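Shown next, in structure tokens, is the structure this report addresses.
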Amino acid sequence: MVRLCLATLGVASVTLALACSVGLPDNADVPGRPTTPTSATADSSTALPPSGDSGTGAVPGTDAATPLPPVCPPKVVGSVPPDWHPPPAIHRNACSASQATTLTECLFSTAVPVATCDQFFNAAGNGNCISCAITSSIAPNHGAIVDDGTGYYANISGCVAALSGDSSQAGCGAKTEVFYDCLYAACQHCMNPFDYAACTDAAARGTCAAYAGPADCNKPYLDACTSATSPLDEAFKLVKLFCQP
């Protein structure tokens, strides 16, 4: 249910990651190409953490110094209803390395020509890879990349569930997802990416703190499921995990 992509780790960086966006507004209306968001979060080339899902991928802790209140403070969030969509099997051998590269670059980068992406998404030979890599947010199972109707985000909580070996509602992936959903609910009104980042940092220490502790179980899997480099690199990691041999 998270609309933003998660990237880096740690208290400060988690807020930045929560601010990252997967938007290609200049190509959003191209026929034959999956819808990309005209997001107010940030350019996809910026290595900012998310929500995701998709924050960051990491669970914030508590710094010794008390941070200044954010310009855009978090809203108070009550209980967060579970909205868990467990991952399907991984390593499904549906995408070649070339297909995974083109798919993620078309969704998370503006560097690929529109015509190239149109051709890729309309080619029958790429259908299995596309259906493996991209799933609707309302699908019962979420794969590597989730399409929520406004944009795409890397499914970090699903990656955590797959690697931890527990895709149940009580597993670490589900706990991570609830935490990310709380951060998003608290800060989705912050339109500036850096304000959003500061907001999620504050939310992790405050209104979402009850969910941060349980989600701390994700730390052993974050290196494999997230990237401090860019949302593009993160998405490629997950497509490789879910859809390559």
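Quick note: to get the numbering used here, add 1 to the position in the sequence shown (first position is 1). C-beta: ideal position from N, C-alpha, C; glycine also. Since the model is a prediction, treat every value here as computed from it, not as a measurement.
For Ser158 and Ser138, the rounded distance between their alpha carbons: Rounded to the nearest whole angstrom, the C-alpha separation of Ser138 and Ser158 is 13 Å.
Tell me whether Leu223 sits in a helix, a strand or coil according to DSSP, three-state version. If DSSP states are grouped into helix, strand and coil, Leu223 belongs with the helices.
Closer than 6 Å by C-beta to Ala175: which residues in its own chain qualify, once you throw out the five before and the five after it? Chain order, please. Cβ within range, chain order: Trp85.
Work out the CA separation of Ala124 and Ala98 for me, nearest whole Å. Taking the straight line from one Cα to the other gives about 16 Å.
In terms of alpha-carbon separation, which member of Thr103, Ala216 and Pro246 lies closest to Ala116? The shortest Cα separation from Ala116 among Thr103, Ala216 and Pro246 belongs to Thr103.
When the Cα of Ala145 is compared with those of Ala101, Gly126 and Phe121, which residue comes out closest? It is Ala101.
Identify the continuous alpha helix (DSSP H) that holds Thr136 and give its terminal residues. Note, Thr136: premise wrong, no alpha helix (DSSP H); beta strand (DSSP E) at Ile135 to Ser137.
Assuming Cys183 and Val81 make a contact with CB atoms under 8 Å, what is their CB distance in whole Å? Here Cys183 really is in contact with Val81; their C-beta atoms are around 5 Å apart, less than 8 Å.
State the beta-bridge partners of Ile146 as determined by DSSP. Its beta-bridge partners are Ile135 and Ala155.
Taking 7 Å as the cut-off, decide whether the C-beta atoms of Ala187 and Pro75 are in contact. Yes; because the gap between Cβ atoms is below 7 Å, this pair is in contact.
For Gly174, which of helix, strand or coil comes out of DSSP? It is helical.
Using the Cβ count rule (16 or more neighbours within 10 Å means buried), how would you classify Leu239? Classification of Leu239: buried, given that the 10 Å Cβ count is 16 or more.
Determine whether the beta carbon atoms of Cys107 and Cys96 lie at a separation below 7 Å. Going by C-beta atoms, Cys107 is not nearer than 7 Å to Cys96.
Quick check on the DSSP output: the alpha helix (DSSP H) that includes Lys238 runs from which residue to which? Note, Lys238: alpha helix (DSSP H), Pro232 to Cys244.
Give the straight-line distance between the Cα atoms of Pro194 and Tyr154, rounded to the nearest whole angstrom. If I take the Cα positions, the gap works out to 15 Å.
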